[in-house]
């Protein structure tokens, strides 16, 4: 297995970096947007990714991916107002580490960049490598549009 790195484009969020950090460092905030309808829409677009049984708390979210297994994302490190480090666990055929990096630009302006480290075998990389490159940018776009409060 080899480690591959995927980095999003820098996105701008029109909120204070402390507000953004506090919101993103709590998985229960993200769960508000993951309705059954949204998860069904993901499955419609990518049939291999059939997400079921989504649960979350402050530090962790857990779900099943049909045909692949159980997945868990856990926040393992929070550096106040700058970095959130997340690791993937469970029975997935790859290991994930996701860093959310925040940088204040102005009073209500924050830069966001995502870095994904994925350790996977060559066969898995051939199947999902391009999707991870696109997906990391799409995830950054979604995070930039959340209604931070």
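In my numbering, the protein residues as written are 4 to 152. Just so you know, even glycine gets a beta-carbon here, dropped at the ideal spot from N, CA and C. Source: prediction; values computed, not measured.
{"query": "Within a Cβ cutoff of 6 Å, which residues of the same chain sit near residue 64, ignoring the five residues on either side of it in sequence?", "result": "30, 76"}
{"query": "Return the chain-ordered list of same chain residues with a C-beta closer than 7 Å to the C-beta of residue 61, the five sequence neighbours on each side being excluded.", "result": "29, 30, 31"}
{"query": "Compute the beta-carbon to beta-carbon distance between residue 100 and residue 120, rounded to the nearest angstrom, for a pair I have assumed lies under 8 Å.", "result": "4 Å"}
{"query": "Taking the alpha helix (DSSP H) that residue 24 belongs to, which residues open and close that run?", "result": "20 to 27"}
{"query": "Could you give the DSSP three-state label for residue 138: helix, strand or coil?", "result": "helix"}
{"query": "Going by beta-carbon coordinates alone, are residue 17 and residue 112 separated by less than 9 Å?", "result": "yes"}
{"query": "Roughly how far, in whole angstroms, is the beta-carbon of residue 34 from the beta-carbon of residue 59, given that I think they are within contact range, below 8 Å?", "result": "4 Å"}
{"query": "What is the DSSP secondary structure of residue 94, counted as helix, strand or coil?", "result": "coil"}
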